[in-house]
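Asker: The listed protein sequences derive, respectively, from chains A and B. Residue numbering for the first sequence is 0 to 388, as defined by numbering that gives the first Met the number 0. Residue numbering for the second sequence is 0 to 388, as defined by numbering that gives the first Met the number 0.
Number of protein chains: 2
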Amino acid sequence: MSGVRVAGVGLTAFGASPERTGRDLFAEAGCDALADAGVDRDDVEALLYGNFMGELAEHQGHQGPLMAEAVGIDAPATRFEAACASSGVAVREGVKRVRNGESDVLVVGGTERMTNLGTAGATEALAIAADDLWEVRAGMTFPGAYALMAQAYFAEYGGTREDLAAIAVKNHEHALNNEKAQYQRAIDVETVIDAPMVSEPLGLYDSCPISDGAAAVVLVSDEFAAEHDLDASVAITGTGQGGDLMALHDREYLARSPAADEAAEEAYADAGVTPADVDVAEVHDCFTIAEVLALESLGLCEVGEGVTAAADGRTTKDGEMPVNLSGGLKAKGHPVGATGASQICELAMLLRGDHPNSDAVADADTGLAHNAGGTVASAVVHVLEVMES
Amino acid sequence: MSGVRVAGVGLTAFGASPERTGRDLFAEAGCDALADAGVDRDDVEALLYGNFMGELAEHQGHQGPLMAEAVGIDAPATRFEAACASSGVAVREGVKRVRNGESDVLVVGGTERMTNLGTAGATEALAIAADDLWEVRAGMTFPGAYALMAQAYFAEYGGTREDLAAIAVKNHEHALNNEKAQYQRAIDVETVIDAPMVSEPLGLYDSCPISDGAAAVVLVSDEFAAEHDLDASVAITGTGQGGDLMALHDREYLARSPAADEAAEEAYADAGVTPADVDVAEVHDCFTIAEVLALESLGLCEVGEGVTAAADGRTTKDGEMPVNLSGGLKAKGHPVGATGASQICELAMLLRGDHPNSDAVADADTGLAHNAGGTVASAVVHVLEVMES
């Protein structure tokens, strides 16, 4: 079984660029990733691609071959869709293909174009990640769904709006010097608390923005990296995926995310590491409460303690285990189909030392990525490690 | 590397059932496949699922976990989308997972719900498989795209509307006793020629219908089949995938489908068989001309000779190499996301002897499935073989 290296990463700026097509965005990310890797596009054996709502935002399905063409890759392309975990799933499939010896060089990534739909249109489009018959038709949107999860969490374990606000404040702080982030603007707890309420207890600043963007990584086998003398010190050493019932009302409890528990357990076992080994994590904070659930599923906090992790300074830039140094979905932005791959990009840069926030984790050698779909009916977790050669 | 057995198959009737939801359709197919296999749903390790236009037809993305739930599978689920090759790609991923030892038991399948959109709505939705910027906005739909391919074929290699009509006549004939087929009605060449023209030279009867339906297969490892004494005589021994540029105008020529050439070459080499070994094939005849291109890509006819294969009786039920004994997309129907998996279902039944048309291929031991996306910008080919034990 071959090891899997992240040979290159490419990210567009995340934010509002409604004039750019999906293919324009992914061409930038994919070409940048190949250039960063120093890999010839003719060596690429497949494109594994995540996209969520292209049918609605661009009247464009079948994006696999379209995006291969945009990057100049003459190889089979496959699209994966798992709502907001779409490119996380694509990364997972890529890791398996390289491990199994099926491929030596893959481009894996994703794109989403959302802002052209407007906020209401994008919110409606996002709702296709929930159960249309039993949730969406009853009026539920994702802010409402995560608000239910937050209320359940507060009822079960305690926590306050201020605790959640500290997560948003932290992630905005982390994004301050990330020039690819949608928001490079500091906020404080009062800003979060005083912002318009979206769905109690989640206000505007508890919610990630609507974003356009693309991300891509070049995955190569250990052998290919060695043969081509690539600068590819970061490996993906663990992968896990979990699933859950779609509709919240079918679940045993709302204050936890068992699909992420399963994905984390599998990824840790796969890599042979434990939560104690993790130095830095990028987690799926589509809403502040989502970061709490992620930390607990990943075993980075005890159940019931994730809610105060940011307020206590444990997950801040200068804390013991910084979380979302990119700014997270909250401040970096959340172009849905790009998010899973972008987490891998950010962690690879953090671990190899060329991220704007690398200084905060100078000795880090293990990173964790957590990407969730819907109300965590899909979850994918990856472990990244710095290798000696 | 483990061999991969088709342990069970499940198919809904294809046709117009606008009152049935996608989950209702897939629940039937998935549960039937598990029952046919005699496999306990608790043994299923993942669902690999194809769907194309659920976002437009049902306002429902993220169908992986939803469909796992519908079948009662408590395992991670992933959706694959490659236009009309969506579940063909899912089958391919399933084959690889079993081979690589990652899984012993998988459910693989797909669904499409289309008739609720109406013919015009479904045609518009199908167009998301083409290049929206450069084809669809110029007014191109799939009947138009395949008409261009047919015109190019006629110009390059010759052929007549009557030749194409013989393909439709054949596939309707084959569907006569397939109770799951959308049309069980004989037609003649005059019917095809006299039908309303859709896009010259393709008339109404050169075109597959708009369909609802679902299909599922249970894939297991050789070891699991042996341990559980399953009746699983048919194996998938070869898999291949190819890709091409999306837009027709970017291609070197229109009268061939190089993505299918590549997929076939890979699948044959993978299985260690040649076109001469193939006894029966299910190919992607979304339009009559598509069957011609498929036969030539698969090496079942010389280039330029596929167009007369049906008229000459070579691919009919009593011909030397029957093609689309199910009725094909033309007469059996084409619920897009289900089609690739349904071809595997039909071939497995034909080869194991319990298909209504098994008598036509009583001595067959090798079958071929060809599933295409868009104007064959994606193609997947599988080889199925009867194993001795």
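Heads up, the beta-carbon is just placed ideally off N, CA and C, and yes, glycines get one too.
1) The beta strand (DSSP E) spanning B/T114 covers which residue range?
2) If contact means a Cβ-Cβ distance below 9 angstroms, which residues of the region 47-66 of chain B contact chain A?
3) Along the chain, where does the alpha helix (DSSP H) containing A/G53 start, and where does it finish?
4) Closest to B/G305 by C-alpha separation, out of B/I288, B/V8, B/R96 and B/H227, would be which residue?
5) Considering only residues of the same chain and omitting the five flanking positions on each side of B/I192, which have a CB-CB separation below 8 angstroms?
6) Contact between the region 16-31 of chain B and the region 271-281 of chain A: three or more CB pairs below 8 angstroms?
7) Along the beta strand (DSSP E) that carries A/N370, what are the first and last residues, could you check?
8) Any C-beta of chain A within less than 9 angstroms: which residues of the region 7-22 of chain B qualify?
9) Could you check if A/H381 is buried or exposed, using at least 16 other CB atoms within 10 Å of its CB as the buried criterion?
10) Buried or exposed for B/T118, going by 16 or more other Cβ atoms inside 10 Å?
11) Using a beta-carbon distance cut-off of less than 8 angstroms, what residues from the region 226-253 of chain A approach chain B?
12) Who are the Cβ neighbours of B/G63 in its own chain at under 7 angstroms, not counting the five residues just before and after it?
13) Output, in chain order, the set of chain B residues within a Cβ distance shorter than 9 angstroms of A/K95.
14) Any contact between the region 320-334 of chain B and the region 166-173 of chain B? By contact I mean 3 or more CB pairs, one from each, below 8 angstroms.
15) Can you pull the chain A residues whose beta carbon is under 9 angstroms from the beta carbon of B/I127, in chain order?
16) Could you check the C-alpha separation between B/H354 and B/E345 for me, to the nearest Å?
17) Please state the DSSP three-state secondary structure of B/T287.
18) Run through chain B and tell me which residues come within less than 9 angstroms of A/V135, C-beta to C-beta.
19) Please determine if the region 329-344 of chain A and the region 207-216 of chain A are in contact, where contact requires at least 3 C-beta pairs separated by less than 8 angstroms.
20) Can you give, in chain order, each stretch of the alpha helix (DSSP H) that sits fully within the region 57-83 of chain B and has at least 4 residues?
21) Please go through the same chain and pick out, in chain order, the residues whose beta-carbon is closer than 6 angstroms to the beta-carbon of A/V5, but skip the five residues on each side of it.
22) Touching or not, the region 128-136 of chain A and the region 137-147 of chain B, by the rule of three or more beta carbon pairs under 8 angstroms?
23) Is there at least one Cβ from chain A nearer than 8 angstroms to B/E111's Cβ?
24) Classify A/P321 as buried or exposed, calling it buried when 16 or more other Cβ atoms lie within 10 Å of its own Cβ.
25) From B/C207 to B/G2, what does the alpha carbon distance come to, in whole angstroms?
26) Could you tell me whether the region 169-183 of chain B touches the region 139-154 of chain B, using the rule of 3 or more Cβ pairs below 8 angstroms?
27) A/T122 and A/L247 look like a contact to me (Cβ under 8 angstroms); what is the Cβ gap, rounded to whole Å?
28) Would you mind working out which of B/R98, B/L244 and B/G108 sits nearest B/I235, comparing C-alpha positions?
29) Can you give me the C-alpha to C-alpha distance between A/D260 and B/A293, rounded to a whole angstrom?
30) Determine the direct distance from the alpha carbon of A/M386 to that of A/E226, and round the result to whole angstroms.
31) Name the DSSP bridge partner or partners of A/D211?
32) In chain A, which residues lie with their C-beta within 9 angstroms of the C-beta of B/L132?
33) Would you check if the distance between the CB atom of A/I127 and the CB atom of B/E319 is smaller than 8 angstroms?
34) Taking the alpha carbon of A/H61 as the point to measure from, which residue in B/E68, B/S85 and B/S256 has its own alpha carbon closest?
35) Answer yes or no: does any C-beta atom of chain A fall closer than 8 angstroms to that of B/S86?
36) A/T315 to A/S357, Cα distance in whole Å?
Answerer: Reading from the atomic positions:
1) From DSSP, B/T114 is part of no beta strand (DSSP E); its letter is neither H nor E.
2) Residues N50, F51, M52, G53, E54, L55, E57, H58, Q59, G60, H61, Q62, G63, P64 and L65.
3) Unbroken alpha helix (DSSP H) run through A/G53: G53 to A56.
4) Ranking B/I288, B/V8, B/R96 and B/H227 by Cα distance to B/G305 puts B/I288 first.
5) Its chain contains R160, E161, A164 and G202 as the residues whose beta carbon lies nearer than 8 angstroms to that of B/I192, once the 5 sequence neighbours on both sides are disregarded; these appear in chain order.
6) Contact between the region 16-31 of chain B and the region 271-281 of chain A is absent, because fewer than three Cβ pairs lie under 8 angstroms.
7) Element bounds for A/N370: T365 to G372.
8) Cβ contacts with chain A: T20 and R22.
9) Around the beta-carbon of A/H381, 16 or more other beta-carbon atoms lie within 10 Å, marking it buried.
10) Label assigned to B/T118: exposed.
11) Residues of the region 226-253 of chain A that bring their beta carbon within less than 8 angstroms of a beta carbon in chain B comprise Q240, G241, G242, D243, L244, M245 and D249, in sequence order.
12) Contacts found: L46, Y48, A76, T77 and R78.
13) Correct list: K95, R96, N99 and E101.
14) Between the region 320-334 of chain B and the region 166-173 of chain B, the count of Cβ pairs shorter than 8 angstroms is three or higher; the stretches touch.
15) Neighbours of B/I127 on chain A, chain order: G53, E54, E57, H58, Q59, G60 and H61.
16) Cα-Cα distance, rounded: 7 angstroms.
17) If DSSP states are grouped into helix, strand and coil, B/T287 belongs with the helices.
18) What A/V135 touches in chain B, judged by beta-carbon distance under 9 angstroms, is H58 and Q59, going in chain order.
19) Under the 8 angstroms Cβ criterion, the region 329-344 of chain A counts as touching the region 207-216 of chain A, having at least three qualifying pairs.
20) Those alpha helix (DSSP H) runs which fall completely within the region 57-83 of chain B and span 4+ residues are 62-70.
21) Contacts found: V216, V233 and A347.
22) As far as the Cβ criterion goes, the region 128-136 of chain A does not touch the region 137-147 of chain B, which means the pair count is below three.
23) Residue contact with chain A for B/E111: absent (no Cβ-Cβ distance below 8 angstroms to any residue of chain A).
24) A/P321 counts as buried, since at least 16 other C-beta atoms from the protein chains shown sit within 10 angstroms of its C-beta.
25) It is roughly 34 angstroms from the alpha-carbon of B/C207 to the alpha-carbon of B/G2.
26) Segments in contact, no.
27) The Cβ separation is near 17 angstroms, so there is no contact.
28) Answer by Cα proximity: B/R98.
29) Rounded to whole angstroms, A/D260 to B/A293 spans 45 angstroms at the Cα level.
30) If I take the Cα positions, the gap works out to 16 angstroms.
31) A/G14.
32) Residues of chain A passing the Cβ test: T20, R22, E57 and Q59.
33) The answer is no: Cβ separation not under 8 angstroms.
34) Out of B/E68, B/S85 and B/S256, the CA that lies nearest to the CA of A/H61 is found in B/S85.
35) Taking 8 angstroms as the CB threshold, B/S86 stays off the interface with chain A.
36) Here the C-alpha atom of A/T315 lies approximately 13 angstroms from the C-alpha atom of A/S357.
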